[in-house]
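The structure under discussion appears below in the form of structure tokens.
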Amino acid sequence: MTTYRIAPSILSADFARLGEEVRNVVAAGADIIHFDVMDNHYVPNLTIGPLVCQAIRPHVDVPIDVHLMVKPVDRIIPDFAKAGANIITFHPEASDHIDRTLQLIRDHGCKAGLVFNPSTPMHHLDHVMDKIDMILIMSVNPGFGGQSFIPQALKKIEIARRMIDESGRDILLEVDGGIKVENIAAAAAAGADTFVAGSAIFGKPDYKGVIDAMRAELATVANSVGK
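Heads up, the sequence shown is in this note's numbering, so the first residue is 185 and it goes up one at a time.
Next up, the structure:
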């Protein structure tokens with residue numbers, strides 16, 4: 185049976201009390217903390233860096249999943265590995281040598297992954313599946329939180345799921361962008377197993393209530409597959 189993981193994105197958290205926020209969301213049932221890094225270059229926004237990752241690391245025992253929306257990407261990878269990241273993903277457009285960047289992440293003791301924007305072709309995976317621990321499908325165009333889910337992402341999730349199954353490797357399939365209680369089941373049915381949610385969780389007063397509702401939706405998918 186598929187193991188589903190909920191990964192709240194701290195981009196939507198209250199930064200004035202970030203340590204408390206990550207503790208609370210993990211207590212509410214989060215499996216992973218998703219950490220969005222934007223550089224005002226690859227994407228038109230500027231967010232947070234390794235020092236913030238280092239600051240929240242002592243507050244949680246769950247993995248920190250760092251999504252690098254930066255270009256070039258190689259320079260910053262060692263800093264995030266040192267700051268306590270467990271998973272580091274990047275966009276193929278941000279690397280001149282994708283295979284080398286994936287290996288750099290792994291050499292620093294982290295799991296490595298590639299991120300696919302709505303218009304990014306999946307062929308970047310063809311020759312690097314042996315170095316991939318996570319595939320992240322963007323269901324919005326990156327750069328800002330709170331955007332609406334793009335339904336065409338479901339087709340890309342299906343393609344990624346087939347590639348993972350054919351590889352025979354244990355690779356997480358994450359989806360990020362506009363995920364909420366109302367559409368998480370559709371993403372799971374398409375093949376995703378890890379779900380990034382920002383404003384859908386941090387924008388509500390009851391984090392546990394939202395995460396529990398998401399898990400209930402995921403259980404319906406798991407039950408239908410098991411029949």
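Just so you know, even glycine gets a beta-carbon here, dropped at the ideal spot from N, CA and C.
Straight-line gap, residue i to residue j (C-alpha atoms, nearest Å)
i	j	result
A384	E358	16 Å
G361	V299	12 Å
F274	A369	26 Å
I282	M313	11 Å
V221	H292	18 Å
D349	A337	18 Å
A265	S193	18 Å
Distance CB(residue i)-CB(residue j) smaller than 9 Å
i	j	result
A455	T231	This structure gives no information on residue 455, because the portion of the chain shown stretches from 185 to 411.
A197	V209	yes
L235	A267	yes
T378	D215	yes
S323	A371	yes
Rounded Cβ spacing between residue i and residue j (contact assumed at less than 8 Å)
i	j	result
D467	V254	Because residue 467 is not part of the residues shown, which for the chain are 185 to 411, the question remains open.
A403	V365	Not quite, the Cβ-Cβ distance comes to about 13 Å (not below 8 Å), so this is no contact.
Y391	A212	4 Å
I272	C294	5 Å
Alpha helix (DSSP H) segment containing residue i, residue limits
i	result
T285	282 to 291
E204	202 to 211
Three-way DSSP call (helix, strand, coil) for residue i in this model
i	result
S408	helix
V257	coil
A191	strand
K315	helix
F219	strand
I385	helix
I395	helix
M347	helix
N263	Reading off the sequence shown, one finds Asp at residue 263, where the question assumed Asn. Reduced to three states, the DSSP call for D263 is helix.
Endpoints, beta strand (DSSP E) assigned at residue i
i	result
P234	Counting along the chain, P234 falls outside any beta strand (DSSP E), though it belongs to the alpha helix (DSSP H) covering 234 to 240.
A381	378 to 381
I363	Run containing I363: none; DSSP gives neither H nor E here.
L309	Unbroken run through L309: none, as it is neither H nor E.
I271	271 to 274
L230	No beta strand (DSSP E) holds L230; DSSP gives it neither H nor E.
Interface flag, residue i vs chain B, CB-CB below 9 Å
i	result
Y226	Given the protein chain composition of this structure (a single chain), no chain B is represented.
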